[in-house]
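Here the structure is laid out as structure tokens; the discussion comes afterwards.
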Amino acid sequence: MSYVRFGLMILTSTVVMFILMYLNTYAWEHLFFSETRTYMAIMMGATMAVIMLAYMLGMYSNKRLNVAIFLGAIVVFGAMLWLVRSQATVSGESYMRAMIPHHSIAVMTSERAQIRDARVEKLAREITDAQRKEIAEMRYLIADVSRGNVVDDIYRDPPAKVGTMETVLSNTLLEGMDLAQLPKSEAQQALQSVPACRFKRSPESEPILWVGEQGPAAVKLNGVIVPLEPEGQEGAFSAPGISVNVKPLGNDKDWRSDSELVFELEQGLTAGYRGFYECSEQS
Numbered sequence: 179m180s181y182v183r184f185g186l187m188i189l190t191s192t193v194v195m196f197i198l199m200y201l202n203t204y205a206w207e208h209l210f211f212s213e214t215r216t217y218m219a220i221m222m223g224a225t226m227a228v229i230m231l232a233y234m235l236g237m238y239s240n241k242r243l244n245v246a247i248f249l250g251a252i253v254v255f256g257a258m259l260w261l262v263r264s265q266a267t268v269s270g271e272s273y274m275r276a277m278i279p280h281h282s283i284a285v286m287t288s289e290r291a292q293i294r295d296a297r298v299e300k301l302a303r304e305i306t307d308a309q310r311k312e313i314a315e316m317r318y319l320i321a322d323v324s325r326g327n328v329v330d331d332i333y334r335d336p337p338a339k340v341g342t343m344e345t346v347l348s349n350t351l352l353e354g355m356d357l358a359q360l361p362k363s364e365a366q367q368a369l370q371s372v373p374a375c376r377f378k379r380s381p382e383s384e385p386i387l388w389v390g391e392q393g394p395a396a397v398k399l400n401g402v403i404v405p406l407e408p409e410g411q412e413g414a415f416s417a418p419g420i421s422v423n424v425k426p427l428g429n430d431k432d433w434r435s436d437s438e439l440v441f442e443l444e445q446g447l448t449a450g451y452r453g454f455y456e457c458s459e460q461s
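Residue numbers (our numbering): 179 to 461.
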């Protein structure tokens, strides 16, 4: 067997292993190139080169070349291991592109696990909701950062103070506040018309924004359904203390997302998501 054939086997196996690492991704829109997974695939390819050559030494007679392959594979393994552990080449965008498939694994296992205990089922549902929310937020941030919009400072809650349980129950921390999933039945309580349009973070999740036929919209924040009034421009809604803007992605539209939602609180909190905006009378 020739050394060229051996090299092609290792190369093919490395590519196949890289692809296989994405098979436990929950949804197509969660597929993003990951530097870390690339390094892991190369590291496994280097390991395979050592194991395969060790088992087939009788088929390869060039001792110097064999030693060079062993040493080269060890060097490549060490370099890839350092890159994986140090994350030295991973920037903000690369980090999020790696985290989206990683989050997707959590969605798949939490969504499809055969769970009977109500406590574990609640935990799995919370994990699924949190991962989907963060995936949509990272899709938005990838696009925003790639446009050069790098933010140096964001809203932070004030330092904690000593208090009582009454203080705890009456205190609202804004830093972690987020639009919650809003079923149609709940949205109808706030809308004065039939819910016609909705924004979803992912195709499988409940909407976080409903828009009625006559223009008013509704979101759920901190367990409260908040009615929103339409602003001057299309896709813009607001209520005292909050504004929500939805816009189509235009040329940026793809199979991962077709719209972008950004909500802002008067106190300074801002968050954005990329997802799917749909309109129909049968919403």
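Positions of the beta carbon are idealized from the N, C-alpha and C atoms, including for glycine.
None of the values given here were measured: they were computed from a predicted structure.
Original post:
With 16 as the cutoff for other CB atoms within 10 Å, does Y511 come out buried or exposed?
Top reply: The structure shown does not extend to residue 511, since the chain spans only 179 to 461, so no value can be given for it.
Original post:
Alpha carbon to alpha carbon, what distance is there between M258 and M222?
Top reply: So the two alpha carbons sit approximately 9 angstroms from each other.
Original post:
Based on the DSSP output, what are the partners of W260 in its beta bridges?
Top reply: Looking at the DSSP output, W260 bridges to nothing.
Original post:
With a Cβ-Cβ cutoff of 8 angstroms, do G410 and V424 count as a contact?
Top reply: No, Cβ-Cβ distance for G410 and V424 is not below 8 angstroms.
**OP:** Ignore the nearest five residues each way along the sequence and tell me which others in P361's own chain have a CB closer than 7 angstroms to its CB.
**Re:** Correct list, in chain order: E384.
Original post:
Which class does W388 belong to by DSSP, given the choice of helix, strand or coil?
Top reply: W388: strand per DSSP, three-state reduction.
Original post:
Which runs of the alpha helix (DSSP H) fall wholly inside the segment 307-383 and span at least 4 residues, in chain order?
Top reply: For the segment 307-383, the continuous alpha helix (DSSP H) assignments of 4+ residues that do not extend past its boundaries occur at 343-348, 362-368, in sequence order.
Original post:
Which residues does DSSP pair with F454 in a beta bridge?
Top reply: BP columns for F454 point to K378.
Original post:
What's the gap between the Cα of S272 and the Cα of V402?
Top reply: Each residue's alpha carbon lies about 36 angstroms from the other.
Subject >> I197 versus Y181, T216, G185, residue with shortest Cα-Cα distance >> reply: Checking every option, the nearest Cα to that of I197 belongs to T216.
**OP:** Indicate whether F377 and S282 have their beta-carbon atoms separated by less than 8 angstroms.
**Re:** Going by C-beta atoms, F377 is not nearer than 8 angstroms to S282.
Original post:
Taking the alpha carbon of L249 as the point to measure from, which residue in L186, Q265, V228 has its own alpha carbon closest?
Top reply: Ranked by Cα distance from L249, the first of L186, Q265, V228 is V228.
Original post:
Buried or exposed: which applies to K398, given that a residue is buried once 16 or more other Cβ atoms fall within 10 Å of its Cβ?
Top reply: Looking at its Cβ environment, which holds 16 or more other Cβ atoms inside 10 Å, K398 is buried.
**OP:** Please say whether P405 and A358 have beta carbons closer to each other than 8 angstroms?
**Re:** Contact annotation: A358 and P405 have beta-carbon atoms that are not nearer than 8 angstroms.
Original post:
Are V422 and L447 touching if we call contact CB-CB under 8 angstroms?
Top reply: No, Cβ-Cβ distance for V422 and L447 is not below 8 angstroms.
Subject >> Exposure of R379, with buried meaning 16 or more beta-carbon neighbours within 10 Å >> reply: Buried, by the Cβ-count rule.
Subject >> Proximity of M199 and M218 at Cβ, strictly below 8 angstroms >> reply: In this structure, the beta-carbon distance from M199 to M218 falls below 8 angstroms.
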